[in-house]
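Have a look at the structure below, then the notes.
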Amino acid sequence: MDTRQEENLQSTGPFNHEVTEVLKVVNVNDAPVAFKVKTTAPKQYCVRPNSGIIPPHESVEVQVLLQAMKEEPPLDAKCRDKFLVQSVLTSLDQDPNVTTLWQTVEKTSKSSIQERKIRVNFLPSFDATPNGDSSHEEQPPAYSSPSPKFGSPAAESSSRASTAQTAKSAVANAAEATGLTTAAAAVSNTVPLTSAELKEQLAAARAQIKQLSSQLQDPKLRQRKLQEANEKVQTVVQQSHETGVPLQIVAGLCLLSFLIAYLFF
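Following the UniProt record's numbering, the numbering of the sequence shown begins with 1 at its first residue and continues without gaps.
Take a look at the structure:
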């Protein structure tokens, strides 16, 4: 039994994806040889085939697959992984089932098993840089993720300008509405009397005139009361002009003042 890789199995990076190496097992004997391959890191390697029977003077290529690593190992890292190739001579009349054959050999003639240890060496890729990164650009993957759709810069600027103009219009409308509300409040505060209030004052003036008529017996008192009544009527007429009282009420007040003056003077 012989192996062409001698004592080492060279594994060349990059190691961020699966790496496959070949271990060639050669039978230099005149009889069949059963072989079996073991490793110290079974979770990191996959061996195909890991056992079998080699006819006389023939060979078998065993594929050793190293699983992808998350990151590249340092350039000076030493790999501690090892493989163990076991072999034993067999004959054509023995059980061709490899599993059964090895179980029988290990129980009956374990000393006849030959073993050969093979070390694994990590070699950087040919274009690797000193920091372990590849100097050439990595090829993009075959698949691609859908990229989001972005609007053109001109359209985006126009949209922003439109939004700003809308905001300015909204602020202007709000200010205008606030100004109208304030103006309305100011107008309502400047109007002192309504038509109903003026009518109440007119009724009060008529009552006062009636009271004055009953006091006409005293000439001096009549003269003083008449003067007070005229002053009240003039006040009502003046307020009517200031507050915009209807023309009919103003005319009535004037007529009433004329009648009072005519009757008592």
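In this text, a Cβ means the ideal position worked out from N, Cα and C, and glycines have one as well.
No experiment lies behind these values; they were computed from the predicted model shown.
| query | result |
| --- | --- |
| Other residues of its chain near residue 266: CB distance less than 7 Å, five sequence neighbours each side excluded | An answer regarding residue 266 cannot be provided, because it is not within the stretch 1 to 265 covered by the chain. |
| Contact under 9 Å by Cβ, residue 37 with residue 83 | yes |
| Residue span of the alpha helix (DSSP H) that contains residue 101, given as start and end | 98 to 108 |
| CA nearest to the CA of residue 7, picked from 25, 91, 204, 17 | 25 |
| With 16 other Cβ atoms within 10 Å as the buried cut-off, status of residue 124 | buried |
| Cut-off 8 Å between Cβ atoms - residues of its own chain near residue 15, not counting five sequence neighbours on either side | 66, 68, 69, 72, 73, 122 |
| For residue 114, the three-state DSSP class (helix, strand or coil) | strand |
| Beta carbon of residue 88 nearer than 9 Å to that of residue 41 | no |
| Selected residue, minimal CA-CA separation from residue 45, among 11, 30, 32 | 11 |
| Contact check, residue 62 vs residue 47, beta carbons under 9 Å | yes |
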